[in-house]
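Asks:
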Amino acid sequence: MLIGRQDELGAYTVADPTPAQAGEHEDSTSSNGTPYVIEENPTGGMRMIANKDFECGDLILQERPLVLFPLEVALPAKSDLRLSLQRALNALNDAKRADYMGLANIYATDAFEPVLGIFMSNKFEFFSTDDAEAASADRTKPFAAVFKDISHMNHSCCPNVVRYWCMASRSMYVHAARSIQKGSQIVTTYCDPFLPLRERRALLLNTYKIACTCPACTNSESDANRVRIQNIQDNLAPVIQWALTPALPDDLLLVPSLEQLKLIEDEGLEGTEYYARVLRRLWYIYFVLDDFGASGFYGRMLRAWKITNGTKRSDVIKEMQSELELIQYAVNRRRLFMPRKAKLVRPVS
Ligand SMILES: C[S@@+](CC[C@H](N)C(=O)[O-])C[C@H]1O[C@@H](n2cnc3c(N)ncnc32)[C@H](O)[C@@H]1O
Numbered sequence: 001m002l003i004g005r006q007d008e009l010g011a012y013t014v015a016d017p018t019p020a021q022a023g024e025h026e027d028s029t030s031s032n033g034t035p036y037v038i039e040e041n042p043t044g045g046m047r048m049i050a051n052k053d054f055e056c057g058d059l060i061l062q063e064r065p066l067v068l069f070p071l072e073v074a075l076p077a078k079s080d081l082r083l084s085l086q087r088a089l090n091a092l093n094d095a096k097r098a099d100y101m102g103l104a105n106i107y108a109t110d111a112f113e114p115v116l117g118i119f120m121s122n123k124f125e126f127f128s129t130d131d132a133e134a135a136s137a138d139r140t141k142p143f144a145a146v147f148k149d150i151s152h153m154n155h156s157c158c159p160n161v162v163r164y165w166c167m168a169s170r171s172m173y174v175h176a177a178r179s180i181q182k183g184s185q186i187v188t189t190y191c192d193p194f195l196p197l198r199e200r201r202a203l204l205l206n207t208y209k210i211a212c213t214c215p216a217c218t219n220s221e222s223d224a225n226r227v228r229i230q231n232i233q234d235n236l237a238p239v240i241q242w243a244l245t246p247a248l249p250d251d252l253l254l255v256p257s258l259e260q261l262k263l264i265e266d267e268g269l270e271g272t273e274y275y276a277r278v279l280r281r282l283w284y285i286y287f288v289l290d291d292f293g294a295s296g297f298y299g300r301m302l303r304a305w306k307i308t309n310g311t312k313r314s315d316v317i318k319e320m321q322s323e324l325e326l327i328q329y330a331v332n333r334r335r336l337f338m339p340r341k342a343k344l345v346r347p348v349s
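In terms of full-length UniProt numbering, the sequence shown opens at residue 1 and continues consecutively.
(1) Classify G57 as buried or exposed, calling it buried when 16 or more other Cβ atoms lie within 10 Å of its own Cβ.
(2) Terminal residues of the continuous alpha helix (DSSP H) containing E267?
(3) Taking a contact to mean a Cβ-Cβ separation below 8 Å, would you say R281 touches V239 in this structure?
(4) For the alpha helix (DSSP H) containing V331, list its first residue and its last residue.
(5) What are the partner residues of I38, as DSSP defines its beta bridges?
(6) Let me check you understand the geometry: is the CB of G102 closer than 7 Å to at least one non-hydrogen atom of ligand 1?
(7) Count Cβ pairs between the stretch 203-223 and the stretch 85-98 that sit closer than 8 Å; are there 3 or more?
(8) Does the distance between the C-beta of N231 and the nearest non-hydrogen atom of ligand 1 fall short of 7 Å?
(9) Restricting to Cα atoms, I'd like to know which of E125, A216, N93, M46 is closest to V227.
(10) Hey, is M120 close to ligand 1, as in C-beta under 7 Å from one of its heavy atoms?
(11) Let's test the definition: count the other Cβ atoms within 10 Å of the Cβ of E259 and tell me whether it reaches 16, buried, or not, exposed.
(12) Take the Cβ of D138 as the centre, count every other Cβ of all protein chains shown within 10 Å, and call the residue buried at 16 or more, exposed below.
(13) Taking DSSP as the reference, what is the three-state secondary structure of M172?
(14) Buried or exposed, going by whether 16 or more other CB atoms sit within 10 Å of the CB of P249?
(15) Would you identify the three-state DSSP class for R280, choosing helix, strand or coil?
(16) How should A237 be labelled, buried or exposed, when 16 other C-beta atoms within 10 angstroms of its C-beta is the threshold for buried?
(17) List the DSSP bridge partners of N154.
(18) Going straight from the alpha carbon of F127 to that of L269, what length do you get?
(19) Check whether the stretch 47-65 and the stretch 153-162 touch, using three or more Cβ-Cβ pairs below 8 Å as the test.
(20) Could you please give me the residues that DSSP links to I180 through a beta bridge?
(21) Who does A144 pair with in a DSSP beta bridge?
(22) Kindly indicate the opening and closing residues of the alpha helix (DSSP H) around E199.
(23) Is the stretch 159-170 close to the stretch 295-311, with three or more CB pairs under 8 Å?
(24) What residue range does the alpha helix (DSSP H) around I240 cover?
(25) Compute every distance between the C-beta of C191 and the non-hydrogen atoms of ligand 1, then say whether any falls below 7 Å.
(26) Under the rule that 16 or more other beta-carbon atoms within 10 Å means buried, what is L326, buried or exposed?
(27) When you compare the CB positions of C191 and E267, do they come within less than 8 Å of one another, or not?
(28) Please check the pair P232 and Y274, which I expect to be a contact at CB under 8 Å, by giving their CB distance rounded to whole angstroms.
(29) Would you decide whether M120 is buried or exposed? Buried here means 16 or more other CB atoms lie within 10 Å of its CB.
(30) Return helix, strand or coil for R64, following the three-state DSSP convention.
(31) Based on the DSSP secondary-structure assignment, which residues constitute the bridge partners of Y164?
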């Protein structure tokens, strides 16, 4: 069941969810003081800065939007959008309306009215990960929303966060995709980071008036690196095959997997599914090699990645437990075919 009411133009009014409705998602940040601050950017506008150190997987914030629309309502060409926005704003209290009107408006000099310009400048578009109603009816229905804090996050093609929408709690979750030091800027991506540089450049300029200067946009090898990353398969067959063939070298798959991991980290794309693919491989490979320390390390990273990307903790644990059984099976079979080590013969005294 969706929470809140939807008016005839599609805007949702946001009602507080009960804990049960809020669903089972990652725990909140328990930090001393605020985990982030919004401050002026020396190059103009505002930005979000980490106010503490975050580890990969940490929850940075969970925020409910000021306004939320199905995307079909939120297209600027829709003449209803202005009216729908006005209604949504009227439903907010004065403080929240002031928060909305205080957000950046990159279209201030264009023909858009301020409420529209602010919406177009600050909206995030997303799919719901857990809306049972949408899942059965129309799983592909996207939404757009504007947030008081999240909308201050600037763009990078090497984002240090991942975000997902939880329909049950009507909120956006933002997790650290890698370690973020206190004082660093918290940045998300406004576009598909795997688009070629030329296409990202055009999209960012046309839609957000951004000339991106992130590490990926200033590295002439980044496009090729990102193509290589997209070639990483989600296929465990080669790992199982290797595990069942003890004659193959131990590092046959380990070396390329560690290289892939480094490539993704160098490109700042830890939040993408390709990172999870490599973590999963490393978790398997080290397990087969009896290096449980390293296997556990990558297994924990994979678990954090899955939770960070919106899978419920209990589902992740179930998923990973049944995967472990598969690895254990491969390991047992491998042992059967391993050459027995010669027994030590004690000299007869
Ligand atoms: C959703 S707002 C982000 C927060 C905004 N900087 C503010 O002042 O609240 C989007 C706008 O921020 C600016 N922006 C975001 N990322 C940027 C980047 N990487 N470089 C330059 N400007 C950026 C652009 O003006 C963009 O249209």
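Every residue, glycine too, gets a C-beta built ideally from N, C-alpha and C.
Remember, it's a predicted structure, so these values are computed and weren't measured experimentally.
Replies: Quick look at the numbers:
(1) For the purposes of this step, residue 57 is taken as the residue at position 57 of the sequence shown. Counting Cβ neighbours within 10 Å, G57 comes out buried, since at least 16 surround it.
(2) Taking the first residue of the sequence shown as position 1, residue 267 is located at position 267. Start and end: 254-267.
(3) Taking the sequence shown and counting its residues from 1, one reaches residue 281 at position 281. Taking the sequence shown and counting its residues from 1, one reaches residue 239 at position 239. Yes, they are a contact pair.
(4) Counting from 1 along the sequence shown, the entry for residue 331 is found at position 331. Per DSSP, V331 belongs to the alpha helix (DSSP H) from 313-337.
(5) Locating residue 38 in the sequence shown gives position 38, counting from the first residue. Bridge partners of I38: M48.
(6) Sequence index remark: in the sequence shown, residue 102 carries index 102 (1-based). Result no, Cβ not under 7 Å from ligand 1.
(7) Cβ pair count under 8 Å is below three, so no.
(8) Position 231 of the sequence shown, counted from the start, is the residue given in the question as residue 231. No; taking the cut-off as 7 Å, the Cβ of N231 has no heavy atom of ligand 1 nearer than that.
(9) Counted from its first residue, the sequence shown places residue 227 at position 227. Ranking the options by Cα distance to V227, first place goes to A216.
(10) Position 120 of the sequence shown, counted from the first residue, corresponds to residue 120. Flag unset: Cβ of M120 not near ligand 1.
(11) For the purposes of this step, residue 259 is identified with residue 259 of the sequence shown, where counting begins at 1. With fewer than 16 other Cβ atoms within 10 Å, it is exposed.
(12) Translated into the one-based positions of the sequence shown, residue 138 becomes position 138. Residue placement at D138 is flagged as unreliable, the pLDDT there being 49, under the threshold of 50; a coordinate-derived value is accordingly withheld.
(13) Locating residue 172 in the sequence shown gives position 172, where the first residue counts as 1. DSSP places M172 in strand when its eight states are reduced to three.
(14) Here residue 249 is taken as the residue at index 249 of the sequence shown, counted from 1. A residue is called buried when at least 16 other Cβ atoms come within 10 angstroms of its Cβ; P249 does not meet this threshold and is exposed.
(15) Here the question's residue 280 lines up with position 280 in the sequence shown. Three-state result, R280: helix.
(16) For the purposes of this step, residue 237 is taken as residue 237 along the sequence shown, with counting starting at 1. With fewer than 16 other Cβ atoms inside 10 Å of its own Cβ, A237 counts as exposed.
(17) Counting from 1 along the sequence shown, the entry for residue 154 is found at position 154. In the DSSP output, where bridge partners are listed per residue, N154 has V187.
(18) To locate residue 127, count along the sequence shown from 1; it is residue 127. To locate residue 269, count along the sequence shown from 1; it is residue 269. Rounded to whole angstroms, the separation of the alpha carbons of L269 and F127 is 20 Å.
(19) In this structure the stretch 47-65 touches the stretch 153-162; the number of beta carbon pairs closer than 8 Å is three or more.
(20) Here residue 180 is taken as the residue at index 180 of the sequence shown, counted from 1. DSSP lists F54 as partners of I180.
(21) Residue 144 sits at position 144 when you count from the first residue of the sequence shown. In the DSSP output, where bridge partners are listed per residue, A144 has F69, E125.
(22) Walking along the sequence shown from the start, residue 199 turns up at place 199. Per DSSP, E199 belongs to the alpha helix (DSSP H) from 197-208.
(23) Taking 8 Å as the limit for Cβ pairs, the verdict is that the stretch 295-311 does touch the stretch 159-170.
(24) Position 240 of the sequence shown, counted from the first residue, corresponds to residue 240. Taken as a continuous stretch (DSSP letters only), the alpha helix (DSSP H) holding I240 covers 237-243.
(25) Here residue 191 refers to the residue found at position 191 when the sequence shown is read from its first residue. No.
(26) For the purposes of this step, residue 326 is identified with residue 326 of the sequence shown, where counting begins at 1. With fewer than 16 other Cβ atoms within 10 Å, it is exposed.
(27) Start at 1 with the first residue of the sequence shown, and residue 191 comes out as number 191. Start at 1 with the first residue of the sequence shown, and residue 267 comes out as number 267. Their beta carbons are not under 8 Å apart, which means C191 does not touch E267 by this criterion.
(28) As a working mapping, residue 232 is identified with position 232 in the sequence shown. As a working mapping, residue 274 is identified with position 274 in the sequence shown. According to the sequence displayed, residue 232 carries Ile and not Pro. Taking 8 Å as the upper bound for CB-CB distance, I232 and Y274 are in contact here, some 5 Å apart.
(29) As a position in the sequence shown, residue 120 is number 120, starting the count at 1. Buried, by the Cβ-count rule.
(30) As a first step, residue 64 must be located in the sequence shown, where it is residue number 64. Correct three-state label for R64: coil.
(31) Residue 164 sits at position 164 when you count from the first residue of the sequence shown. The partner list for Y164 (beta bridge, DSSP) reads Y173.
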